[in-house]
Every structure is written in structure tokens, then in C-alpha cells.
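Report on the following structure.
There are 2 protein chains.
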Amino acid sequence: MRLDHVGIAVHSIDETARLYAEAFGLRVTERYATPSAGVRLAFIPAGGVDLELLEPAGDGPVSTFLASHGPGLHHLAFRVPDIHRAIAEAVNAGCRAVDAAPRPGARGHLIAFLHPASAGGVLIEFVQAGHP
Amino acid sequence: MRLDHVGIAVHSIDETARLYAEAFGLRVTERYATPSAGVRLAFIPAGGVDLELLEPAGDGPVSTFLASHGPGLHHLAFRVPDIHRAIAEAVNAGCRAVDAAPRPGARGHLIAFLHPASAGGVLIEFVQAGHP
Numbered sequence: 039m040r041l042d043h044v045g046i047a048v049h050s051i052d053e054t055a056r057l058y059a060e061a062f063g064l065r066v067t068e069r070y071a072t073p074s075a076g077v078r079l080a081f082i083p084a085g086g087v088d089l090e091l092l093e094p095a096g097d098g099p100v101s102t103f104l105a106s107h108g109p110g111l112h113h114l115a116f117r118v119p120d121i122h123r124a125i126a127e128a129v130n131a132g133c134r135a136v137d138a139a140p141r142p143g144a145r146g147h148l149i150a151f152l153h154p155a156s157a158g159g160v161l162i163e164f165v166q167a168g169h170p
Numbered sequence: 039m040r041l042d043h044v045g046i047a048v049h050s051i052d053e054t055a056r057l058y059a060e061a062f063g064l065r066v067t068e069r070y071a072t073p074s075a076g077v078r079l080a081f082i083p084a085g086g087v088d089l090e091l092l093e094p095a096g097d098g099p100v101s102t103f104l105a106s107h108g109p110g111l112h113h114l115a116f117r118v119p120d121i122h123r124a125i126a127e128a129v130n131a132g133c134r135a136v137d138a139a140p141r142p143g144a145r146g147h148l149i150a151f152l153h154p155a156s157a158g159g160v161l162i163e164f165v166q167a168g169h170p
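Residue numbers (our numbering), protein chains in the order written: chain A, 39 to 170; chain B, 39 to 170.
Now the structure itself:
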């Protein structure tokens, strides 16, 4: 299990992309819009791990997060070879799954989340490459 | 510039280390106590990037963070070849430095932080390997 990306909730992908480019020399390389999930995404490679900018596209968990926390660090995503097994092992260790089953995410990946209250206050995502 | 580690504020390094080992198979490999900074640290390698657990050791920024936010994601640290230049470029782009000058951090590194309000809501740390 290795870190795949760090999710960051932002009001504006464009504004944040400009900041990361000017301040850190880091550039957005991929953008996705998934209005069904109420979110627009942009990925910024940062040396083997990506920063994933999440901007609300209508109502959804990201707009709720921004309303209560403001912009900032949102979640950690771990790349796993077998997402069903990763969920089962986390649940065995006392974590609670947000998703009853993995679901399609950006980049053609399968994803699933764990409740932060059950994982040391951190929203954890599992990512498995490709669809089964 | 690449991601070096993700800081996570925790009430107990021991409890969180147990959770990450049991739930994710990820293990603490290094521990540091820097009571002068009011913090105990533990590093968990997660594939090229580390998770840095921060537990309060007396009063300090980590105990303040825990009191107001509870445990959770705390900061992003970027590894840079020249920390003075990294700070200057971030400040030029509109970021505000927390530290007037870089200071010694864990692992013999030089570190400096940027104010989250000036960096999209994220507390950003720069890390330069070794002391100059």
C-alpha cells in the first residue's frame, strides 16, 4: 500500500493551479468533471504522488466540506492492488467503510472511502487501478 | 519540488501507529522527540512519501491544532534543493512565510513553513536535506 494522492478542497481549481505553479513550480496535468459526484478534479504531480484539487460542481460532499472547514487538506488516497481485500482488512481493524462496495472514480479507477472518525480523523480513500 | 511527507496531528502516536499497521499494513520506522517544539514525531513510509504523525509534547502548535480541529491532516511538506530560494519564490507569488529564516527540523533537515491563509488553506512546509 502506497500513497497515491492527497486531496485538497478548493474554491477554484484555476486560482489554486495558478498559486501552485507560481509559488511551487507545480503544474496541473489532468482535469476531470464528474458533476454526478458534485465535483471537478485536477491532478498536480508532485514527485510520485499527486495533489488532487477538488472544486465543488453543485451540491455534494466537497461543497459541504468547504462550507464547514474552508479550503484545505481533504483526504489521503492509498493505491492498493485489491480494493475489496483492502476494505475488508481495514474493517477488520475497526474502520468503517463509507461505500458499501467500491465504485468507479476518476482515471478509470475503482475507489472506496473510510469514515474519518474510524481512521484517526483522516478521510482515507483506497484506489485500485482499472476496472475489474 | 516533490512531496516529502504529509503531517497528521494525532492524540497518540502509539494508538495511530497501531491503527495504520493493522488497517493498512504501514509501519512506523522512525521516532523523534523535540520537546522544545512541543511535539513528538513518528514517520511511516508509504511508498516514496512519508506520513508524519505529530503528537503534542506539552503546549505548542500541535496541541493548539488538536484543541480546535481534533486529529487529522495537518500539513504538506515539499522537499526542495534550496530552501532559501523556495521561500523567496513562494513569497514572490504572494505566500507569507511563518519562519523568518529556515530552522533545524527532524532528521537533520532545514525546514520552513508558509501561512495556510496565504497558500489555499494548506499549511505548507519546505524541507531541505542536511544542514548548510
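From the three backbone atoms N, C-alpha and C, an ideal C-beta is built for every residue, glycine too.
In the structure shown, Val100 of chain A falls within a helical segment according to DSSP collapsed to helix, strand and coil. With respect to chain A, the C-beta atom of Pro140 of chain B has no partner C-beta closer than 7 Å. The three-state reading of DSSP puts Val129 of chain B in helix, counting H, G and I together. Under the 7 Å criterion on CB atoms, Leu111 of chain A is classed as interfacial with respect to chain B. With 16 or more neighbouring CB atoms inside 10 Å of its own CB, Gly158 of chain A falls in the buried class.
In the DSSP assignment, Arg56 of chain B falls within the unbroken alpha helix (DSSP H) covering Ile51 to Phe62.
A residue is called buried once 16 or more other Cβ atoms fall within 10 Å of its Cβ, and Arg117 of chain A is buried on that count. Closer than 7 Å to the CB of Ala150 of chain A there is not a single CB belonging to chain B. Between the C-alpha atoms of Ala47 of chain A and Ala150 of chain A there is a straight-line separation of about 18 Å.
In this structure, Ala71 of chain A keeps its C-beta atom at 7 Å or more from the C-beta atom of Arg65 of chain A. For Pro119 of chain A, there is no enclosing beta strand (DSSP E), since its DSSP letter is neither H nor E. In this structure, the CA atom of Ile121 of chain A is about 12 Å from the CA atom of Ala135 of chain A.
Within 7 Å of the CB of Glu127 of chain A, the CB atoms of chain B belong to Ala61, in sequence order along the chain. Counting along the chain, no beta strand (DSSP E) covers Val48 of chain A, and no H or E run does either. Between the beta-carbon of Ala55 of chain B and that of Ala80 of chain B there is about 6 Å, and that keeps the pair under the 8 Å contact cut. Looking at the DSSP output, Pro154 of chain B shares a beta bridge with no other residue. Near chain A, meaning a CB-to-CB distance below 7 Å, the residues of the segment 85 to 106 of chain B are Gly85, Gly86 and Val87. At a cut-off of 7 Å between C-beta atoms, Gly108 of chain A counts as an interface residue with respect to chain B.
The contact set of Leu64 of chain A on chain B, defined by CB atoms closer than 8 Å, consists of Met39 in chain order.
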